[in-house]
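Residue numbers (the numbering used here): 359 to 601.
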């Protein structure tokens, strides 16, 4: 009898999807071929840019392309679906209406983990790193503020530095720079008297930033990486289906 499997709707971008799959495989703790999890990956690199569409810079709607992948995943019998793209979650309610198969929500998963590990009583100010589309949508802001935290978004200058990490360093396949990555995080976490943001937590709300987190882990810093948490939740759910 075939074991249950899950579907990954990826390709947004491909390097970020590869990072997510590597995390899943590593977290599976497999010692034989059969110990790995069963999954199908739709690495759909043809999905139009989510941020450009959200900001009105493009009329190329990503929804139909992702919706087609969700319908295919449903038709082949996936037990659940993951979409490792934070920005695409602005369409998540519409995606879920297409299928009875549960779609994991990486935003709520990240905030729930933050509440459990970095409580608002000691870490009230949360800085957000993500695409301009995610910043514009307010998705993370609503989730974070509903949990009782103070949401701190970057100004336009800092957002440009974040966008450069996402598009110039990762999406373009360029060299990854710990110095550039760390400088943005330090800007959020700086607690000096002259500091602007004075954050207690930094949320990585873009899977390209998760690629940087995989390359340059900073476990001593209060970083919440949505993709890592999604991977952990994916593995836990997949293993539970085997029982």
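For glycine and all other residues, C-beta sits at the position ideal for the given N, C-alpha and C.
Only a predicted model underlies this, so the values are computations on that prediction, with no experimental measurement involved.
Cβ separation of residue i and residue j, assumed to be a contact under 8 Å, to the nearest whole Å
i           : j           : result
residue 447 : residue 497 : 6 Å
residue 529 : residue 368 : No, residue 529 and residue 368 are not in contact; Cβ-Cβ is about 14 Å, not under 8 Å.
residue 476 : residue 577 : The Cβ separation is near 13 Å, so there is no contact.
residue 487 : residue 564 : 7 Å
residue 546 : residue 485 : 4 Å
residue 365 : residue 431 : 4 Å
residue 482 : residue 508 : 5 Å
residue 585 : residue 386 : No, residue 585 and residue 386 are not in contact; Cβ-Cβ is about 16 Å, not under 8 Å.
When the options are compared against residue i, the one with the closest alpha-carbon
i           : options               : result
residue 541 : 522, 377, 417 and 382 : 522
residue 440 : 420, 462 and 432      : 462
residue 409 : 558, 524 and 360      : 524
residue 406 : 588, 422 and 543      : 422
residue 435 : 578, 363 and 489      : 363
residue 589 : 361, 538, 375 and 381 : 381
residue 445 : 495, 417, 458 and 567 : 495
residue 457 : 420, 512 and 427      : 427
residue 479 : 552, 360 and 559      : 559
residue 561 : 394, 554, 544 and 537 : 544
residue 489 : 460, 536 and 526      : 526
residue 493 : 538, 394, 360 and 510 : 510
residue 534 : 394, 567 and 505      : 567
residue 505 : 536, 385 and 468      : 468
residue 393 : 538, 429, 512 and 361 : 361
residue 379 : 442, 512 and 460      : 442
residue 553 : 403, 438, 512 and 460 : 512
Bridge partner(s) assigned by DSSP for residue i
i           : result
residue 364 : 397
residue 538 : DSSP lists no partner for residue 538.
residue 486 : 561
residue 509 : 484
residue 461 : 439
Minimum Cβ-Cβ distance from residue i to chain C less than 7 Å
i           : result
residue 542 : In the displayed structure, chain C is absent; only one protein chain is listed.
*Counting pairs of Cβ atoms below 8 Å between the region 589–601 and the region 479–499, do you hit three or more?*
With a cut-off of 8 Å, the region 479–499 and the region 589–601 do not count as touching, because too few Cβ pairs lie within range.
*Report the residue ranges of all beta strand (DSSP E) runs contained in full by the region 542–589; include only those spanning at least 3 residues, in chain order.*
Every beta strand (DSSP E) of 3 residues or more that sits fully in the region 542–589 is shown, in chain order, as 559–562 and 581–583.
*Counting pairs of beta carbons, one from the region 467–487 and one from the region 387–404, are three or more of them closer than 8 Å?*
Because the criterion of three Cβ pairs below 8 Å is not met, the region 467–487 and the region 387–404 do not touch.
*asked:* Three or more C-beta pairs under 8 Å: does that hold for the region 509–522 against the region 577–597?
replied: no
*asked:* Is it the case that the region 558–578 contacts the region 449–457, given that we only count it when at least three CB pairs across the two stretches are under 8 Å?
replied: Note that the region 449–457 does not touch the region 558–578; fewer than 3 beta-carbon pairs, one per stretch, sit closer than 8 Å.
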